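Residue numbers (the numbering used here), protein chains in the order written: chain L, 1 to 245; chain R, 1001 to 1281.
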């Protein structure tokens, strides 16, 4: 008869956390930034069919890094939660804070239940307000905690490097083109300090635009519109750098 | 709601189970009591008195479709509401107008809008126009029990078919039977009169502006002969709701625009109370 090994609870949780973090770090990073008219989601995604960003409700967007089937499940769960809540009460009663809480509880329960494998995902839930002060961005790591973020947030592989780059350069009231340019610069930084080029067709970009007349503020930015914005952002940064010289 | 009251607060398993993209399917599994079709009415004698919405008309024109409705709700011989809204956007490229029991109809529209939006969010693509029309059919059929007790809902569905690049109209009966209408259609108590008017005014090269005038003319004729249909109310500034769906999506005419059309018609009717005359041969 074999004697079971004793594993301390601390060690068991640390192992689970390590497992989840490694899974998340395998994926490409993505960033979520506030800009003057809303919130922009930018990530590198070679697939056109499988999205990292999506719409949950009128003013609420969802971004995820990590294992596709796990975050896709959570996304659909979130859409069902939001739609059911809006149907039961009112569209105004669906909030990012409520949704983030439900996600945190779900991730937390899965993370600490010994019978289940921890989810290898890190989520961002964002809600665009009437004014920039009303914007909310929540980051939800694999273990069920909630981090209330301001300005910018990065999740995925190189998250720490990218978010420190963003923290230094992100300003309130940036235009969409400026925010997009900053996001792309941040994403193209490698851990060894070098830069690489991310072509426009590998970028996935979506916005929650508070100026959109429709009730649903979520919109994907693709094709020509994305090209135009990237060009405009590039032009302003070049102009700024030539001013400095 | 279960998701919010469970002690752990985590999403119940039903939320995380992959499966249908339909919100109604999800409801019927998770909270069947919230589906209107699952409600049982106690047996009643006679007809239940509840506000009824009346006339809805639709007409196609090259490039799109116009859907419009009057503003009256009646309960027996009483006018229950003067400014009820009976035409709603279903999603970006379609709209639904309702005739029948107002309370049930508004609930049906709310669920229908959600059904389309839910599908779009989960799948990342819109349903085809036929698909949307079929979903509405299912919803009307689930209301059959109520309809047999006098609480029928009979909508008119109109949309711009992005694949075929034209406006299309679908009409329904109480059993959920669905048929595509060509050129124009009407539903509700004033529909016979409205249809007569549209038959004489329609031709297949209408402009958008002519089409919006045509539907208001038809509603005027319906109100002229049907007591349950409301005409333009100049004193209270209540005018028909007129919506246009084209390649650019759904648009509801502003109050100024619809009042302008209604006032122009009213002006002409002062001289010719029966409206424009069609040629005899």
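Just so you know, even glycine gets a beta-carbon here, dropped at the ideal spot from N, CA and C. Since the structure is predicted, the reported quantities are computational estimates derived from the model, not experimental observations.
In this structure, DSSP gives residue 1224 of chain R a helical state, which the three-state scheme calls helix.
Below the 7 angstroms Cβ cutoff, chain L contributes 83, 87 as neighbours of residue 1114 of chain R, in chain order. Taking a Cβ-Cβ cut-off of 8 angstroms, residue 47 of chain L has no neighbours in chain R, whose nearest Cβ is about 12 angstroms from it.
For residue 79 of chain L, the nearest CB of chain R lies under 7 angstroms from its own CB, placing it at the interface with that chain. In the three-state DSSP reduction, residue 1035 of chain R falls in the coil class, being neither helix nor strand. Residues of chain R whose Cβ lies closer than 7 angstroms to the Cβ of residue 55 of chain L are, in chain order, 1121. Per DSSP, the continuous alpha helix (DSSP H) segment holding residue 103 of chain L begins and ends at 96-112. In terms of Cβ geometry, residue 66 of chain L and residue 52 of chain L do not form a close pair [threshold 7 angstroms]. For residue 101 of chain L, the residues of chain R that pass the 8 angstroms Cβ criterion are 1009, in the order they occur in the chain. Sequence-ordered contacts of the segment 142-154 of chain L with chain R are nonexistent [C-beta pairs closer than 8 angstroms].
7 angstroms or more divides the Cβ of residue 1186 of chain R from the Cβ of residue 1169 of chain R. Residue contact check for residue 1157 of chain R against chain L: no CB pair falls below 7 angstroms. Within a 10 Å sphere around the beta-carbon of residue 1077 of chain R sit fewer than 16 other beta-carbons, which makes this residue exposed.
Within the segment 191-223 of chain L, contact with chain R at the beta-carbon level (separation under 7 angstroms) is assigned to no residue. Taking a beta-carbon distance threshold of 7 angstroms, residue 1016 of chain R counts as an interface residue toward chain L. CA-to-CA, the gap between residue 189 of chain L and residue 161 of chain L works out to about 8 angstroms. Judged by beta-carbon spacing, residue 1241 of chain R lies within the 7 angstroms limit of residue 1085 of chain R, meaning their Cβ atoms are closer than that value.
Flagged as an interface residue toward chain L: residue 1023 of chain R, by a C-beta distance shorter than 7 angstroms.
With a cut-off of 8 angstroms on Cβ pairs, the segment 1022-1031 of chain R is not in contact with the segment 1192-1206 of chain R, counting fewer than three such pairs. Ranked by Cα distance from residue 109 of chain L, the first of L:182, L:60, L:13 is L:13.
A direct Cα-Cα distance of roughly 32 angstroms separates residue 199 of chain L from residue 1118 of chain R. Per DSSP, the unbroken alpha helix (DSSP H) holding residue 1113 of chain R starts and ends at 1102-1123.
Per DSSP, the unbroken beta strand (DSSP E) holding residue 1081 of chain R starts and ends at 1078-1081. Within the model, the alpha-carbon separation for residue 85 of chain L versus residue 1173 of chain R is close to 31 angstroms.
The beta strand (DSSP E) runs of length 3 or more contained entirely in the segment 1239-1273 of chain R are, from start to end of the chain, 1241-1246, 1249-1252. Taking a C-beta distance under 7 angstroms as the contact criterion, residue 1102 of chain R and residue 1051 of chain R qualify as a contact pair. Pairing residue 147 of chain L with residue 30 of chain L, the inter-Cα distance amounts to about 16 angstroms. Taking the CA atoms as reference points, residue 219 of chain L sits about 6 angstroms from residue 206 of chain L.
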